[in-house]
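One structure is given below, encoded as structure tokens.
In UniProt numbering, the protein residues as written are 1 to 338.
Structure (structure tokens):
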């Protein structure tokens, strides 16, 4: 509402209140019929006092309206300036992700993560850019002897990607200082041949897509992760090497889908996992090698759907298979090259 209109409304309301108060005062003083009654000096003084009080009240109302409007205008200006600053930070950080220098790209990754922490309204946009970096195909590792410079650059770019995984995983933990719980994470088609530690992740909402991802090696850990809402989709993913572990994970809501996934190698383990609610589905999944084990689960009250009774490498409870060996704590950094 414009200031002039706000003032007009305030003055009309205040004037109406003033007329009412003066009429009430005259009525109380016995001077409603002004044509037949001449008020005394005392009564006139009382009326003047009331009128002055009303005028002061009107002035107070006007002052409050003006102050309120100034505050709103100031806040709107600050909000615009903050949005402008956030957008400038985003443009700068995103623009440098295409730099040829791994060091510059690494700085941009950290800048985007910091911006996602500061800018709740633009957090999803920052996360989308980080995930897009992971979806981009990477060049094969060059020979370190034949081309040491190219190999050094390749290692630097690999570190950029590993840092993105590490930052995202850290923000999904229950004790994250500024969590990204509920953000959509699109890892569609990524190739994972290194270690990624999602242990302790909390996924209460949002959509996490590993659709068509290739798990070729390394160690992917969802130990003690909580799948309580949203969707985590492994549709069409290829599990052909390394290990993917869900030790002590809690499937207690939402949906986790392995539809049309292909298990052709490596190990996928659900030791001590709890399947108590939600939907975990394996519709159309192919078990043609490797090992997928459910034999040591802690809670099987709400088992996954569409699991075949028999399939190569698939072990279901209550099979007398030996408990899954715990892969043990990660050494060094949470995420690093194999």
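From the three backbone atoms N, C-alpha and C, an ideal C-beta is built for every residue, glycine too. In this text, all values refer to a predicted model and were calculated from it rather than measured experimentally.
- Residue 286 carries a strand assignment under DSSP once its states are collapsed to helix, strand and coil.
- Rounded to the nearest whole angstrom, the CA to CA distance from residue 119 to residue 86 is 7 Å.
- Annotation for residue 222: 198, 246, 249 place their beta carbon closer than 6 Å to its own, counting only its chain and skipping 5 residues before and after.
- Per DSSP, reduced to three states, the secondary structure at residue 141 is coil, with no helix or strand assignment.
- Shown here, residue 122 sits in a helix according to DSSP, grouped into three states.
- The three-state reading of DSSP puts residue 245 in strand, counting E and B together.
- DSSP places residue 91 in the helix class (H, G or I) of the three-state scheme.
- Here the stretch 168-187 does not lie against the stretch 140-159, with fewer than 3 beta-carbon pairs under 8 Å apart.
- Going by C-alpha positions, residue 189 is about 47 Å away from residue 73.
- Taking C-beta separations shorter than 6 Å and ignoring five residues to either side along the sequence, the partners of residue 220 in its chain run 196, 244, following chain order.
- Counting along the chain, residue 277 sits inside the beta strand (DSSP E) bounded by residues 274-281.
- Residue 216 carries a coil assignment under DSSP once its states are collapsed to helix, strand and coil.
- For the options 210, 216, 253, 218, the alpha carbon positioned closest to that of residue 203 is the one of 253.
- The Cβ atoms of residue 290 and residue 266 sit closer than 8 Å to each other.
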